[in-house]
Every structure is written in C-alpha cells, then in structure tokens.
Amino acid sequence: MVSHGLDRDILMQYQAQEKYFERGDIIFQENSLPRYFYQLKEGCIKMVSHGEDDKSFTQGIFTTGQCFGEPPLILNLPYPSSAIAVTSGKYIRLSKENFEKMLVEQPHVCKMVNTLLAAKTYEKSKRNTMLTGQAPEYRIQFILDEMKRKQGIDHATREQICLTRQEIADFTGLRVETVIRTLKRMEQENKIEIRNRKLYY
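Read left to right, the sequence shown gives residues 5 to 205 (the working numbering).
Here is the structure:
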C-alpha cells in the first residue's frame, strides 16, 4: 500500500507554491508549529526525531507524489520530527489557511486526506511490527524493499537506493557498524551491489 498525495491541480487552485530544495535542506524543524501542507513533486525526504541523548531516529521516508507532515498541521501541534531532504527535488506547499479552506469546500479532498492518514497509520504499524526483533539483514532488506515500492521501482530491477548507511541505521534501529557489515555480506551473496560507495538493490 502506497499513500499517494492530493491532486496537484486542486492544490494550485488554492494558491499552492512550488519550491526547490537541495540534499540536506531542512524543510521544517522538530518542535516548530506547522504553517503549510507539504507534498513532494519530486525527490525524497526523511522525517527525523531526536531523543534525550540526541540520538536521531528516522520516523519515515517520503518520495515523489507523497505528502508529509500533515497530522501536526491538522491537529495544530508542533512537529514531532524534522523534515530533511535526502535528495534534491521540488515540493508543493499550501498555507494552513488555504488547506483548511480546501477541506471545507472540497469534501472529496477531505475524504482523501482521511484515507491518506489512515494508510500512513497502517503502514507505520506494519513497519514497526516487521522491524521488531528481526535479524539485521531482514530489517535492512525490508527497508530497501519499502524504498523500491515507494519509488515505484519494479522488484526485479536493480536501482540505486538513495539512503546512506547512517540513514539505514537510523531507520532500522541498528548500529552503523552492523549495517556496514551486513551490507558487505549481502553484496557477497549478490543481494545488493555497491558501486562507487552507492547502494543498488
């Protein structure tokens, strides 16, 4: 199940804007109040939160066509995570006021937003279950499969996965050293390829 975003034409009808971003850009900060609805037109971002020991944890990864950060926007609560660009790309943003106006005036869009939120809750619950207590290789392969699915890449096709070892570690709850060691073993078993330090799966 992939939660796709809203119709771009409707977003633009309510004065949405398109913005470019570069890898590493922070789109919004953890603990800041939401001001916009966001949807990726192209590229990839990750949602990262920090614990008391300042250890980072990747809460989710979003790719082309997906919206992100909408639960805090709807609840009018601070963001629990920061949105950080994994690649360069472009996003569409719609002001909170116009987003709320759109939901009132477009009931079918409101229904779609509800469906998106339900799909994300389901996917996160399923992901947490799949990653709990599993062997490192299983956790990593699950994340790589999820990335290919979100990017619409055929499972039989080997493509570059735009995640660093640290990002894989953050997302799976593994140590970076464990990720590196496991990826080397997966490469020896021809489950992945490493070309110029880039991961292909």
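Every residue gets a Cβ at the ideal spot worked out from N, C-alpha and C, and that includes glycine.
- Around the beta carbon of I165, 16 or more other beta carbons lie within 10 angstroms, which makes this residue buried.
- The three-state reading of DSSP puts S129 in helix, counting H, G and I together.
- A distance of 7 Å or more separates the beta carbons of Q19 and N132.
- Of the residues F61, M51, Y24, E56, the one whose Cα lies closest to the Cα of S92 is Y24.
- Cβ contact annotation for S36 (same chain, cutoff 7 Å, sequence separation greater than five): P82, Y83, in chain order.
- The straight-line gap separating the alpha-carbon atoms of R185 and E141 is approximately 10 Å.
- Assignment of Q145 by DSSP, reduced to helix, strand and coil, places it in the helix class.
- Under the three-state reduction of DSSP output, E109 falls in the helix class.
- When the alpha-carbon of L44 is set against those of L98, Q110, E34, the nearest one is in L98.
- If the five residues before and after C48 are omitted, its C-beta is found closer than 6 Å to the C-beta atoms of T67, V90, T91, C166, all from its own chain and listed in chain order.
- In this structure A87 touches F32 by the C-beta definition: roughly 5 Å separates them, less than 8 Å.
- The three-state reading of DSSP puts I96 in strand, counting E and B together.
- At a Cβ-Cβ threshold of 7 Å, I96 and E46 do not count as neighbours.
- With respect to the 7 Å criterion, I157 and E163 are classified as neighbours on the basis of their beta carbons.
- Going by DSSP, V52 is part of the beta strand (DSSP E) stretching over 48 to 54.
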